[in-house]
Amino acid sequence: MASRETDNPSIKLALSGFQAVIEADRFNPGSFQLVVDGTPQSHVNLDDPSQLFFEYIQRIGHVIDEFRDPGKPITAVHLGAGALTLPRYIEATRPGSRQQVIEIEQDLVDFVREHLPWPKRAAIRVRYGDAREVLGRLPGGLAGTVDLVVVDIFSGARTPAHVTSLEFYRAASALLAPDGIIVVNVADGPGLAFARNQVATLNAAVSSVAVLAETQILKGRRFGNLVLVGSNAELPMDFIPRLLAGGPHPAKAVYGSELKQFVAGAPVMTDATAIPSPPPAKSIFQVKSGS
1228 MASRETDNPS
1238 IKLALSGFQA
1248 VIEADRFNPG
1258 SFQLVVDGTP
1268 QSHVNLDDPS
1278 QLFFEYIQRI
1288 GHVIDEFRDP
1298 GKPITAVHLG
1308 AGALTLPRYI
1318 EATRPGSRQQ
1328 VIEIEQDLVD
1338 FVREHLPWPK
1348 RAAIRVRYGD
1358 AREVLGRLPG
1368 GLAGTVDLVV
1378 VDIFSGARTP
1388 AHVTSLEFYR
1398 AASALLAPDG
1408 IIVVNVADGP
1418 GLAFARNQVA
1428 TLNAAVSSVA
1438 VLAETQILKG
1448 RRFGNLVLVG
1458 SNAELPMDFI
1468 PRLLAGGPHP
1478 AKAVYGSELK
1488 QFVAGAPVMT
1498 DATAIPSPPP
1508 AKSIFQVKSG
1518 S
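See the structure below:
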């Protein structure tokens, strides 16, 4: 494969102008990291796609494991591609799943496909364009039938405002089957003002929401990722202990009355008021190529 033969292949993305680099993981043979604009975006193990590296991705993986019967194929829509870590994971753990991936940077997907190819047998279709716009162009037959929607959209290190609003979450959740779930990656720092807004906004779009994160992040003590899980059906909270036991540790789940306290009156964000996620300090996520 080209990725194993070339040291840190890179490309300047035409749309954003960001530099994308693929770096070999020196400590995990067969694994690679996609870095965009100096920020680690994805980590994949080509030899074992069921191995997940980033903490928040592991948490999403555990949600996927607990959802439906183990190994049963699902229908999934991924908003944001990266290096297709989760589509690869679903194909490895739930073979035969039907998956749609929406990504605005077509040359990023082409770059990943060249250097970190996924199995040809995988039923993964990639659609190009802005996630918000492409949602409106998906086949009508998908509406109300999708088991899983994953929202993991970043432009560099930030999530654009137009994919953080109530209107956006309503459009994304309209794809869900009656008991389907939407999973959202939210990055925020001390105070968690943005995360609280996102929880309030998602909870205005679907009837049941839970939040999973490392305890210090939930306390607003440091920048990090929170995983929001939502559904129009009552979430099976009996799976929470298993999710937390699966790691990474330490972890906490917030739902029910505690979720109301967490939101603490945070406003629902609309297209008129939505803001992008806050930028992390360069020392947190940004790395130098080859470091």
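Per this note's numbering, the sequence shown starts with residue 1228, numbered consecutively. Heads up, the beta-carbon is just placed ideally off N, CA and C, and yes, glycines get one too.
Own chain partners of residue i with C-beta closer than 6 Å, once the 5 adjacent residues on each side are dropped
i       : result
Gln1333 : Tyr1355
Val1339 : Ala1310
Ser1400 : Ile1409, Ala1432 and Val1433
Phe1280 : His1270
Test item: CB-CB of residue i and residue j under 9 Å
i       : j       : result
Leu1261 : Pro1267 : yes
Val1353 : Ala1308 : yes
Ser1277 : Ala1319 : yes
Glu1349 : Arg1315 : Inspection of the sequence shows that residue 1349 is occupied by Ala rather than by Glu. Yes; because the gap between Cβ atoms is below 9 Å, this pair is in contact.
Phe1450 : Val1263 : no
Leu1240 : Leu1335 : yes
Leu1462 : Ala1437 : yes
Val1490 : Asn1452 : no
Leu1445 : Val1456 : no
Ile1502 : Tyr1482 : no
Same chain, Cβ closer than 7 Å to residue i, neighbours up to 5 away in sequence not counted
i       : result
Phe1471 : Note that residue 1471 is Leu in the sequence shown here, rather than Phe. So the qualifying residues of the chain are Ala1478 and Ala1480.
Leu1393 : Thr1428, Ala1431, Ala1432, Val1495, Met1496 and Thr1497
Ser1518 : Legend: pLDDT at Ser1518 = 36, less than 50; position of this residue unreliable, value from coordinates given subsequently. Around Ser1518: no qualifying Cβ.
Gly1474 : Gln1285
Arg1469 : Glu1293
Gln1443 : Arg1449
Glu1330 : Gly1307, Ala1308, Val1336, Val1353 and Tyr1355
Phe1245 : Val1263, Asp1264 and Gly1383
Leu1242 : Ile1331 and Glu1332
Proximity winner among the options, relative to residue i (alpha-carbon distances)
i       : options                               : result
His1476 : Pro1503, Arg1295, Glu1282 and Arg1449 : Glu1282
Asp1379 : Ala1247, Ser1269, Ala1241 and Asp1406 : Ser1269
Ala1493 : Tyr1482, Leu1439, Val1454 and Gln1425 : Gln1425
Glu1250 : Ala1350, Ala1310, Ile1329 and Val1410 : Ala1310
Ser1458 : Ala1440, Ser1484, Phe1259 and Pro1405 : Pro1405
Gln1326 : Asp1337, Asp1292, Pro1344 and Val1373 : Val1373
Ala1370 : Pro1463, Gly1407, Phe1280 and Asp1252 : Gly1407
Gly1323 : Thr1312, Ile1329, Glu1330 and Pro1300 : Pro1300
Leu1486 : Ala1501, Ser1434, Phe1466 and Pro1503 : Ser1434
Glu1441 : Ile1351, Phe1466 and Asp1415          : Asp1415
Leu1375 : Leu1306, Ile1502 and Thr1500          : Leu1306
Gly1298 : Asp1337, Val1248, Ile1317 and Phe1254 : Ile1317
Ala1247 : Leu1365, Asn1235 and Arg1253          : Asn1235
Gly1368 : Glu1341, Gln1488 and Thr1302          : Thr1302
Ala1420 : Ser1504, Gln1443 and Val1454          : Ser1504
Thr1312 : Asp1275, Gly1244, Ile1331 and Ala1499 : Asp1275
Leu1343 : Met1464, Arg1321 and Asp1252          : Asp1252
Ser1237 : Arg1321, Glu1341 and Leu1365          : Glu1341
Own chain residues within Cβ distance below 8 Å of residue i, not counting five before or after
i       : result
Pro1506 : Ala1384 and Arg1385
Arg1359 : His1389, Val1390, Phe1395 and Ala1398
Gly1418 : Gly1447
Leu1365 : Val1304, Gln1327, Arg1354 and Leu1402
Val1454 : Tyr1283, Arg1286, Ile1287, Val1290, Val1410, Val1411, Asn1412, Val1413, Val1438, Leu1439 and Ala1440
N- and C-terminal bounds of the alpha helix (DSSP H) containing residue i
i       : result
Thr1428 : Ala1420 to Ala1432
Gly1457 : Premise fails: Gly1457 lies in the beta strand (DSSP E), Gly1451 to Ser1458, not in any alpha helix (DSSP H).
Tyr1283 : Glu1282 to Glu1293
Gln1488 : Ser1484 to Val1490
Val1361 : Ala1358 to Leu1362
Ser1237 : Element bounds for Ser1237: not the alpha helix (DSSP H) but the beta strand (DSSP E), Ser1237 to Lys1239.
Start and end residues, beta strand (DSSP E) containing residue i
i       : result
Ser1435 : Ser1435 to Glu1441
Phe1259 : Ser1258 to Val1263
Thr1302 : Thr1302 to Leu1306
His1476 : Premise fails: His1476 is in no beta strand (DSSP E) and is neither H nor E.
His1270 : Thr1266 to Asn1272
Ile1522 : Residue 1522 is absent from the model: the chain starts at 1228 and stops at 1518.
Assumed close pair residue i, residue j - CB separation to whole angstroms, cut-off 8 Å
i       : j       : result
Val1377 : Ile1287 : 7 Å
Val1410 : Val1290 : 6 Å
Leu1402 : Val1304 : 6 Å
Residue i: CB within 8 Å of a non-hydrogen atom of the ligand SAH
i       : result
Leu1419 : With respect to the ligand SAH, the structure offers nothing, as it holds no ligand at all.
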